[in-house]
Amino acid sequence: MPSVARLPVENGNPVRAMQELLRRLLAEDDIVGVFAPRQPPAKGAVMPSLITDPEALASVDPASPSFPVNAAQQVARLTRGDLDGKLIAVLRPCELRAFTELVKLNQGSLQNLIIVGADCHGAFDNDGFRAFMESNGGKPGIDNSADFLRRVSAGEFTAAANGGPALARACRACEHPAPEHADLTIGLFGQDTSRDVLLIPGTAQGEALVSRLGLATSGSGAGRDEALTRIRAERTAYRDAMFEETRAATATPAKLAEYLAACVGCYNCRAACPVCYCRECVFLTDVFAHEPWQYLGWARQKGALRMPTDTLFFHLTRMAHMSLSCVGCGQCSNACPNDIGVMELFRTVAARTQSAFDYEAGRNPDEKPPLTVFHQKEFAEVTGGHD
Amino acid sequence: MEAFEPTIIAFVCNWCTYTAADLAGTARMVQSPRLRLVRMMCTGMVDPKYVIKALLSGADGVLISGCHPGDCHYINGNYKARRRVKLLNEILTGFGFDERRLKLTWVGASEGNEFAATVNRMVEDIRALGPSEAAAVQAL
Ligand code: SF4
Ligand code: SF4
Ligand code: FES
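As they're listed, the protein sequences go chains A and B. Quick note, our numbering runs 494 ahead of the 1-based positions in the first sequence. Quick note, our numbering runs 4 ahead of the 1-based positions in the second sequence.
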């Protein structure tokens, strides 16, 4: 059990305590910058930002209930070469898991990074966040976030009670609310975050930082494990019900076509997906720009042909490419202009494909992606028992 | 009503199964004409997209066939193919495709008999299964 430090919270706002931690880290000689979500100048959603000026940390907000983008691709950009020191990256658990997948695919590196994760109560999708902002009386950004933390830990927002905003379905179905293999974890679960928050080192690098900062460590983070267990159980139950519902809604190709009936082929879901790793997506090329006679042939074969075509083809191909790495962050659903339950669909498929290979996206940076390895004897059922 | 005759797309590797198919042909073995052969250099280059595209655009079954384990001319293409087929099976059966529609077999260059038998067996199986679950879907 690693020793745990406590960060005192002043004026009841834990976001300030997180900023203070980052300020102290940035002041260290070997730290070149902080990558973290930051409040925009006007009211709105946080955006991942690369910060070098300590003054700019005053708008950093790791507790915001807005989640407009999964930052994994952006962090990856910052790790594809040398920096003159270490970079602190503040990530949500699902961002960290997506980044871990990119590292395995050689699109990012852990080398110059110190990863700070925070317990994640979940976030709203873009619509839900706007509704939350309105309902909370338009306070300045980080006060909103402190209110959110207080209300969500009291159990609010887990269902759209009284027509109020509810957390994104992806978050309500997320059984990984705590960062895995972060160097430092900001522990919020089970804590009175108006008094203090936990700082939990998860690696030797994290331990070293905590002692360098001279933070007193105090044994355990009372109450966190219990809260984590409870949150996981609730979310797992919600997730399993979501899987059931989605499986039933897509049980045949005809039902899948119905599920995707509103898809216009904008590929926003692909652009928003942190683990859609192809540098050039084949669907953005003219490989599938068919000849008129081909469309006519398909139409004749089936009596009618929905256009745009290749809708099922796109989604099934995307599943074949990235479902093994899907972390369930929900950004695909957030990005869809036509309210298709893309996350529900992809997570349901991902649960099947990942378990078939005994794999879990983001679980372990040392695990090889299943399609990059093989054994001589395996999956005999695929070839009817002949291996 | 006409009896259902399945259409099967086969992706076969140049070095083993294609040679076996050639042998079955020159030896005049009796085989169902319901198979459309696509010659690839190796099963390791059968992209999952080819399988998905085939099943969505009218194929009732897809056969992938290559060298026996240890015999792949590109060392391990067939092992990679096996993982891809495993993956595709997980995805496709979740949407109600019968898993018998996608088949992976190893047929060596000298096994003309085995090739003809594999084709005939698969055509029989798919005929019994009926048209693809995607046949009536008017979206690709
Ligand atoms: S498919 Fe959707 S839920 Fe899965 S990682 Fe991509 S954006 Fe996130
Ligand atoms: S974002 Fe929605 S409409 Fe656009 S391609 Fe994805 S599912 Fe289709
Ligand atoms: S060359 Fe035949 S399977 Fe690879």
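All residues carry an ideal CB built from backbone N, CA and C; glycine is no exception.
Who are the near neighbours of residue i in its chain, counting only those whose CB is closer than 6 Å to its CB and skipping five residues on each side?
i	result
residue 120 (chain B)	28, 33 and 35
residue 600 (chain A)	none
residue 70 (chain B)	17, 20, 21, 47 and 82
residue 836 (chain A)	763, 826, 827 and 830
residue 137 (chain B)	100 and 101
residue 707 (chain A)	518
Taking the C-alpha atoms as reference points, what is the distance between residue i and residue j?
i	j	result
residue 841 (chain A)	residue 569 (chain A)	23 Å
residue 95 (chain B)	residue 678 (chain A)	37 Å
residue 771 (chain A)	residue 816 (chain A)	8 Å
residue 76 (chain B)	residue 606 (chain A)	41 Å
residue 653 (chain A)	residue 573 (chain A)	38 Å
residue 640 (chain A)	residue 686 (chain A)	12 Å
residue 855 (chain A)	residue 820 (chain A)	6 Å
residue 738 (chain A)	residue 775 (chain A)	31 Å
residue 862 (chain A)	residue 850 (chain A)	15 Å
residue 129 (chain B)	residue 663 (chain A)	42 Å
residue 111 (chain B)	residue 777 (chain A)	34 Å
residue 6 (chain B)	residue 797 (chain A)	18 Å
residue 495 (chain A)	residue 141 (chain B)	Only weak support is given to the placement of residue 495 (chain A): the predicted model assigns it a pLDDT of 47, under 50, and the question is left unresolved by the model.
residue 623 (chain A)	residue 533 (chain A)	13 Å
residue 651 (chain A)	residue 576 (chain A)	42 Å
residue 80 (chain B)	residue 54 (chain B)	20 Å
Regarding residue i and ligand 2, is the C-beta to nearest heavy atom distance less than 7 Å?
i	result
residue 470 (chain A)	Because chain A in this structure spans residues 495 to 881, residue 470 (chain A) falls outside the shown range and cannot be described.
residue 834 (chain A)	yes
residue 695 (chain A)	no
residue 662 (chain A)	no
residue 761 (chain A)	yes
residue 71 (chain B)	no
residue 776 (chain A)	no
For residue i versus residue j, is the C-beta spacing smaller than 8 Å?
i	j	result
residue 614 (chain A)	residue 587 (chain A)	yes
residue 564 (chain A)	residue 830 (chain A)	no
residue 611 (chain A)	residue 525 (chain A)	no
residue 643 (chain A)	residue 508 (chain A)	yes
residue 705 (chain A)	residue 617 (chain A)	no
residue 591 (chain A)	residue 670 (chain A)	yes
residue 513 (chain A)	residue 552 (chain A)	yes
residue 877 (chain A)	residue 87 (chain B)	no
At a cut-off of 7 Å, would you count residue i as near ligand 1, judging by its Cβ distance to the nearest heavy atom?
i	result
residue 825 (chain A)	yes
residue 793 (chain A)	no
residue 822 (chain A)	yes
residue 841 (chain A)	yes
residue 757 (chain A)	no
residue 564 (chain A)	yes
Excluding the 5 residues flanking residue i on each side, which residues of the same chain have their C-beta closer than 7 Å to its C-beta?
i	result
residue 751 (chain A)	806
residue 126 (chain B)	12, 65, 67 and 107
Per the DSSP calculation, residue i is bridged to which residue(s)?
i	result
residue 501 (chain A)	A:691
residue 541 (chain A)	A:532
residue 843 (chain A)	Residue 843 (chain A) is not bridged to any residue.
residue 8 (chain B)	Answer by DSSP bridge pairing: none, since residue 8 (chain B) is not bridged.
residue 618 (chain A)	A:560
residue 583 (chain A)	A:529 and A:609
residue 69 (chain B)	B:16 and B:109
residue 554 (chain A)	A:532
residue 44 (chain B)	B:17
Is the beta carbon of residue i within less than 7 Å of some heavy atom of ligand 3?
i	result
residue 772 (chain A)	no
residue 78 (chain B)	yes
Looking only at its chain, what residues have a beta carbon closer than 8 Å to the beta carbon of residue i, apart from the 5 residues adjacent to it on each side?
i	result
residue 521 (chain A)	548
residue 710 (chain A)	499 and 500
residue 503 (chain A)	510, 511, 687, 688, 689, 690 and 691
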